[in-house]
Amino acid sequence: MADNKKATGRDRTRVATNQPYELYYFKQKHGLTVEQAKDIIKRAGNSRDKANELAKALQK
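Counted from 1, the sequence shown has number 52 at position 52 by the UniProt record's numbering; the numbering is strictly sequential.
Structural data, given as structure tokens:
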């Protein structure tokens with residue numbers, strides 16, 4: 001049980017790479033391969049904002 005009752009729900013600021021649907025969504029959103037998506041997320045430290053920035057930079 002959570003200590004802070006007000007802090008509930010998912011943390012949408014992080015990419016959960018251990019969840020296949022998260023990885024699939026991220027790669028589809030940015031038109032990446034699985035390996036590219038994993039590499040970007042690894043470099044971003046699973047920060048969703050930073051991962052999105054890196055993916056957009058890769059597309060240019």
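Note that CB positions come from ideal geometry on N, CA and C, so glycine has one too.
Next on the checklist: Considering only their Cβ atoms, is the gap separating Val-34 from Lys-27 smaller than 8 Å?
Outcome noted: yes
Checklist entry - Among the residues of its own chain, which have a CB less than 8 Å from the CB of Asn-46, if the five just before and after it don't count? => result Arg-14, Val-15, Ala-16, Thr-17
Checklist entry - For Ala-57, is the classification buried or exposed, using 16 other Cβ atoms within 10 angstroms of its Cβ as the cut-off for buried? => result exposed
Item to check | Cα-Cα separation, Tyr-24 to Leu-54 | outcome: 17 Å
Item to check | Own chain partners of Arg-48 with C-beta closer than 8 Å, once the 5 adjacent residues on each side are dropped | outcome: Arg-12, Thr-13, Arg-14, Val-15
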